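S.K.: The listed protein sequences derive, respectively, from chains X, W and H.
Residues in the first sequence are numbered from 1217 upward in steps of one, following my numbering.
Residues in the second sequence are numbered from 262 upward in steps of one, following my numbering.
Residues in the third sequence are numbered from 9 upward in steps of one, following my numbering.
Glycine is no exception: its CB is placed at the ideal position from the N, C-alpha and C atoms.
Only a predicted model underlies this, so the values are computations on that prediction, with no experimental measurement involved.
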Amino acid sequence: MSAGPPAQTAQDDDPGDRPSGNQSTATPVKYEEVSKRYPGTDSDAVHELSLEVPAGEICVLVGPSGCGKTTAMRMVNRTVEMTSGDILIGDRSVRQGDAAELRREIGYVIQQIGLFPHRTIAENIGTVPGLLGWSRAEIEQRVEALLKLIDLNPEFGDRYPSQLSGGQQQRVGVARALAVDPPVMLMDEPFGAIDPINRSRLQNEFLRLQAELRKTVLFVTHDVDEAIKMGDRIAILRKGGEVAQFATPTELLMEPADDFVEDFVGADRALKRLALMRVSDASLWKAQICRAGDPTGPVRTDLASAEVPHALLVDAESKPVGWLSERDLAAEQVPARPDSPADPLIDADSILRDGLATLLQSGSRYAPVVDGRGHLTGILSVEIISEFLSSGEATESDLAAVERPHE
Amino acid sequence: MGLPLGALGLFGEAFQFVFQGREAATGGVTVGGLDQVLELAAKQLEVTLLALLVSLVLALPVGVLLGHYGKGEFVAVSAGNAGRAIPELALIALMAAAVGVGLFNLVVALAILGIPPILTNAFVGIRQVDQVSVEAARGMGMTDREIITKVELPLAVPTIMGGVRTSAINIIATATIAPLAGILTLGDFIISRNVYGDAGVLAGAILVALMALALELTLAGIQWKLTSPGLKIQRT
Amino acid sequence: MSSWVADGWLADGWLAGAAVSSDFFRDRSGGGCIQENKLFCPDWAINNLDRYSDPTLQHLVLVVSAVAAGFVIAFSLAVLAHRHRFLSSPFLAATGVLYTIPSISFFFLLLPITGRGAVTAIIALTAFTLQIIFRNMTTGLRNVPPEVTEAARGVGLTATQVLWKVEIPLAMPEIIAGLRIATVSTVALATLAVFANGGGLGAEIVTGSNITFKTGIIIAGSIAILMAIVFDALLLLTGRLLAPWKRVAL
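Next up, the structure:
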C-alpha cells in the first residue's frame, strides 16, 4: 500500500484508506484477549488484555516497571509478536500481511528518539515516505510542512541530529512519525529523556498538535502525572499485563477501582486534579493595567478596589512589562521602566499544576498569564488555585462538565 | 657484502635505477629504468586490487550478515585474530610450493590474508551500530535489507573501512614477495639483489613504500567520501 | 642498540646460513616421503627438529626486541599525547605512515643507514608496532570515566599520580589488547626479516621455498604460528593479572 502526500491525495478521488494530509481519519485500536509470553518464562508478560481505544483519542498505558505496558504497545506494530489473541486497527487485524508494511502505516516514537545520526533532519523525516516510494518533490513538500507543524525553522532540514538540542530532536522524532500521516501512533515514553521544563513544553506542544490532528495514540509512560496530563483515557496495568482500571483521568482520580490503583495514583490525588485544567480555563483575575505615560492619579484610585493590589504595565501590544511600585506611582506619569519586572509569565496553555509550580518557585502570589503570542490574558494567583481545589469545581459531578484540556 | 658508499650516493643510484636503468650486478645487461618500473608497479597494483576485491566480495557480505543477525561472533572475531598470526612469507611460499606458481594462486593466497580484517571489522562495525537507530528503523517499517543498507552500513562505514585499509596494507605488503610465487612485482628489485644490486633494492623499497602510502591515502579519501557528514560533526 | 646485537649469532650473514647445506637431507631423512616431496613428512620433521631451534631463538629475539622497543616508544608518545592533546593527531599520522610502509620495504629504506642485519629488522618491526600500541593506549586513556579522574584529583592526587595510579591501570585492558595485536602481527611479520639478513624462521621458509620443500615451510610456519599463540596467551594472562576487575576479551 502506498500513501501519497497530502497535496496529491487532496485531489484524489480514491476514497481508500491511504493516510494523507489532515484528512486521514483516525482509526480505533482494539485489543482482543491479547497475551504475550516470552520464551523461557513461565508467566505471561501480558495476560488476555482487552482494550478498546476510540479513534482520535490518546490512550495512556501506565504502570510500574515490568507491568507489560511497553510489550502491550509494541504488539500493535508487531515489534513484539503476540502469543495469542488479536489486535485490530479499524477492522483489520495486525496479524494480516507483512509486519514491515504494517509498521509504515503506524507512527512510532521512542524514548531515545532514535534519529539516524547519518541522515539530515529532512532525510530523517522523509524516511517512511522514501520507503513508500514517494517522489523527491512530494517528500520535500511533506518535510517542509512537517517542519512548520513542529515549529522548526526550515533551515534545520539540512542539519544533522547531533546539531540539535534534545528537545528539538524529540520534536523531529514526532514529525518523523507523522510523516505519512498515519492514523495510529505509538509513543513509548516519548518525553522520558527530556529535562522537566522542556518535557512540560513538549507535552503541551504535542497536545496542541493532537487537538488538530486527532490521531489514535497509544502512549506508554511510568509517570502517573504525565498519564493524567496526556491521556483521554488511561489504562493502569499491574504485573502480568492485566488492566487494573481503564478510565478517564477524572474517573481515575475520583474513583480508583482498588487499592492498587489508589496506591499507584498516589496520596496526592487531590493535587493531581490540577493537571486536569488549563490555566486559561480558570477564572483568572483581572489586572489593573496601564501604559507608559498614563497619568498615575486614576491608576491609584482604581487600585484601591482591585483584586490585585499592584498595577501592571503593558506595552503597546499588551505584553506585560513590569509591576508598578509605590514609588513608580508617586510620579506624575507612569514610567516606561517600572521597578519590578513582570516575571514570571505563565503560559495560558499550561496546566494549573505547572502554573502553581511556577508561582511557588518565583515566590510570588500572582503572575501575569499570557497567550501564545505573549499577550496578557489575566492574572493567576495562589488564591485561584486553592479555591479550585476546595470548591465544588473539583468534585466529581462538576469535573464531568470540565472538558479535557486539549480541546 | 660491502656497506653502501654513503647515504646520498646510494639514493642517487636508486634514482638513476628508476629513471634510466643501471647495469645489472651480474654485468652486461641494463636493468631498471622507467619501463620496467612501471611494468612491475602495474603488476603489483593489479594483484593487490584483485586480491582486495576477492577479499571484499567474500568477507564483506558474510561479516555484515553475521553482524546484522548477531550470529557467529566467535568465528568472526577469531578470524581476525587468526589472520594476524599467519606468517605471510610461509603462506606465499607454501602456496607456491604446494599448489603451484601463477597469478590465480597468488591472488588466492593474498585474499586469504585480506579476508580476516574485513570480516572482523564488518561484523564488529555492524554490531556496534546504536541499537536505538536499528529499533527505530524496524519500528518505522524497514525490512532487514533496508535496515542493513540504509542504517547499519552507513553507520558502520568508519569501522568497515578501517578493516579494508588494514587488509589493503597487508595485501600490498605481501604482494612485494610475489616473485616467490612467480609473479614479478616491484618486490623483484628487492628480492633479486644479485641482479639489481643495492641501487635496485633501495629503489624497490622506495617505490613499494610510496605505493602503499598512496593506496592508504586513496582508501582514506574513499572513507571520508563514504562517511556521512552527520557522523563527522558528531566526532568533533 | 646494545652490544648483544653486534656480536654472536645476531650478526650479519644469516642468509648464507639459510642456504641449503650439503647435509640438508642426511640419512635420517624420511626416505620415500622426501623423494616424492609430499606436503608433510612427519619422519623428517621429527628427525630434524633441532635444525629449527636456532632460527626459533633468533625469531624470538627479533619479536621481543621489536615489541619491547615499540611499547616503550608508543607508551611515551601516548602519555605525551594525553598530556598535550594537540600532539595526538600528528603522532597518529606519523605512526600511521610507519605502519603503512611495508616492513620489507622498510628494511631496505634503512639500508643506507643501518645496512643489513638484525638491527635493521628490529627497527622496521618496531616502527610497525607503534601505531597499534599508541592507538589502543590513547583510546584506553580516553575511555577512563571523567568522574573517576575527577574523584582521584579530589582526594588530592597530583596529575602524575592520577596518570600512574588511576588512568594507566584503568586503561590496562586496552593497552594489553594493543600489545596482543602488535605482538601476534610482529611474530608473523618477522619471518620477512630474512630479507634484511635478520635471520629468524623466515630463513628456513626461504630455504624451503628455494627447493620447494613443503615440509620445511610448514614446520617453520607452524613454529611461527605457535609462537604467536603462546605470546597471545601469555599477554592475555598478564592482562587478567593486571586488570583483575575486568575480563579481557578473548
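Taking only three categories from DSSP, how would you classify X/Lys1431?
M.R.: The answer is coil: DSSP assigns X/Lys1431 none of H, G, I, E or B.
S.K.: Indicate whether at least one CB of chain X lies closer than 7 Å to the CB of W/Phe278.
M.R.: So, not an interface residue.
S.K.: Short of 7 Å Cβ to Cβ, which residues in the region 395-424 of chain W face chain X?
M.R.: Against chain X - using a Cβ distance shorter than 7 Å - the residues of the region 395-424 of chain W are Glu396, Ala397, Arg399, Gly400, Met401, Gly402, Met403, Thr404, Glu407, Val412, Pro415 and Leu416.
S.K.: Pick out whichever of X/Leu1568, X/Ala1338 and X/Pro1406 has its Cα sitting closest to the Cα of X/Leu1362.
M.R.: The candidate whose alpha carbon is nearest that of X/Leu1362 is X/Ala1338.
S.K.: Closer than 7 Å, CB to CB, is X/Ser1378 near chain W or not?
M.R.: Taking Cβ atoms only, chain W reaches closer than 7 Å to X/Ser1378, which makes this a yes.
S.K.: Residues of chain X with CB closer than 9 Å to the CB of W/Leu492, please, in chain order.
M.R.: Neighbours of W/Leu492 on chain X, chain order: Pro1333, His1334, Tyr1376 and Ser1378.
S.K.: Are H/Phe239 and H/Thr199 close, meaning C-beta to C-beta below 7 Å?
M.R.: No, Cβ-Cβ distance for H/Phe239 and H/Thr199 is not below 7 Å.
S.K.: Using a cut-off of 8 Å between C-beta atoms, extract the partners of W/Ala357 located in chain H.
M.R.: Per Cβ cutoff of 8 Å: Ser217 and Thr220.
S.K.: X/Gln1384 lies in the beta strand (DSSP E); which residues open and close that run?
M.R.: From DSSP, X/Gln1384 is part of no beta strand (DSSP E) but of the alpha helix (DSSP H) over Gly1382 to Ala1393.
S.K.: Just to confirm the assignment, what range does the alpha helix (DSSP H) spanning H/Thr157 have?
M.R.: Segment Pro154 to Gly162, the alpha helix (DSSP H) holding H/Thr157.
S.K.: Roughly how far, in whole angstroms, is the beta-carbon of H/Ile130 from the beta-carbon of W/Leu350, given that I think they are within contact range, below 8 Å?
M.R.: With a Cβ gap of about 17 Å, H/Ile130 and W/Leu350 do not count as contacting.
S.K.: Is there a Cβ of chain W sitting closer than 7 Å to that of X/Ala1288, yes or no?
M.R.: Chain W, which has no Cβ nearer than 7 Å to the Cβ of X/Ala1288, makes this no.
S.K.: Which bits of chain X does W/Val393 rub up against, with CB to CB less than 8 Å?
M.R.: Result: Ile1326, Gln1328, Ile1329 and Gly1330.
S.K.: Using a 10 Å radius around the Cβ and a threshold of 16 neighbouring Cβ atoms, would you call W/Val325 buried or exposed?
M.R.: By the neighbour-count rule (16 or more Cβ atoms within 10 Å), W/Val325 is buried.
S.K.: What three-state label does DSSP hand X/Tyr1247 in the structure shown?
M.R.: Three-state DSSP puts X/Tyr1247 in a strand.
S.K.: Under a Cβ-count criterion, where at least 16 other Cβ atoms within 10 Å of its own Cβ denotes burial, should W/Ala275 be classed as buried or exposed?
M.R.: By the neighbour-count rule (16 or more Cβ atoms within 10 Å), W/Ala275 is buried.
S.K.: For a contact meaning CB atoms closer than 9 Å, what does H/Ile141 contact in chain W?
M.R.: Correct list: empty, because the minimum Cβ distance to chain W is about 14 Å.
S.K.: Determine the contact status of X/Arg1415 and X/Phe1407, defining contact as a CB-CB distance below 7 Å.
M.R.: For X/Arg1415 and X/Phe1407, yes; Cβs fall inside 7 Å.
S.K.: Note down the Cα distance separating W/Ala303 from H/Ala201, rounded to an integer number of angstroms.
M.R.: Straight-line Cα distance between these residues: approximately 26 Å.
S.K.: Measure the alpha-carbon distance for H/Ala27 versus W/Thr309 and round it to whole angstroms.
M.R.: Only weak support exists for where H/Ala27 lies, its pLDDT of 46 falling under 50; the value from the coordinates is given anyway. Cα to Cα, H/Ala27 sits roughly 30 Å from W/Thr309.
S.K.: Can you pull the chain H residues whose beta carbon is under 7 Å from the beta carbon of W/Ile438, in chain order?
M.R.: By Cβ distance, chain H contributes Ile112.
S.K.: For H/Val71 and X/Glu1405, what's the separation of their Cα atoms in angstroms?
M.R.: Those two C-alpha atoms are separated by around 56 Å.
S.K.: With a Cβ-Cβ cutoff of 7 Å, do W/Gly375 and W/Leu468 count as a contact?
M.R.: Not a contact, by the Cβ cut-off of 7 Å.
S.K.: Can you tell me the Cα-Cα spacing of W/Lys493 and W/Ala481, whole angstroms?
M.R.: Answer to the nearest angstrom: the Cα atoms are 14 Å apart.
S.K.: Within this structure, are the beta carbons of X/Gly1571 and X/Val1459 separated by less than 7 Å?
M.R.: Result no, Cβ atoms of X/Gly1571 and X/Val1459 do not sit closer than 7 Å.
S.K.: Judging by CA-CA distance, which residue of W/Val298, W/Ala358 and W/Pro378 is the nearest neighbour of W/Val336?
M.R.: Of the candidates W/Val298, W/Ala358 and W/Pro378, the one whose C-alpha sits nearest the C-alpha of W/Val336 is W/Pro378.
S.K.: What three-state label does DSSP hand X/Lys1502 in the structure shown?
M.R.: DSSP places X/Lys1502 in coil when its eight states are reduced to three.
S.K.: Taking 7 Å as the CB-CB cut-off, is H/Ala211 touching chain W?
M.R.: Chain W contact via Cβ: absent.
S.K.: Give the DSSP-derived three-state secondary structure of W/Gly328 in the structure shown.
M.R.: W/Gly328: helix per DSSP, three-state reduction.
S.K.: By how many angstroms is the C-alpha of W/Ile433 removed from the C-alpha of W/Leu301?
M.R.: Rounded to whole angstroms, W/Leu301 to W/Ile433 spans 13 Å at the Cα level.
S.K.: Quick one: Cα of W/Ile451 to Cα of W/Leu364, how far?
M.R.: Going by the C-alpha atoms only, they are around 20 Å apart.
S.K.: In this structure, how does DSSP classify X/Phe1422 when only helix, strand and coil are distinguished?
M.R.: Reduced to three states, the DSSP call for X/Phe1422 is helix.
S.K.: Between X/Lys1252 and X/Val1310, which are expected to be in contact by the criterion C-beta below 8 Å, what is the C-beta distance as a whole number of angstroms?
M.R.: Contact flag wrong, Cβ pair sits at about 13 Å.
S.K.: Distance, Cα to Cα, W/Ile483 vs X/Val1276?
M.R.: Taking the straight line joining both Cα atoms gives about 48 Å.
S.K.: For W/Asn382, which residues from the same chain have a beta carbon less than 6 Å from its beta carbon, with the 5 sequence-adjacent residues on both sides left out?
M.R.: Here the set comprises Thr420, Ile421, Gly423 and Gly424.
S.K.: Nearest to H/Ile42 by CA position, among H/Met235, H/Leu242, H/Ala236 and H/Thr220, is which residue?
M.R.: It is H/Thr220 whose Cα lies nearest to the Cα of H/Ile42.
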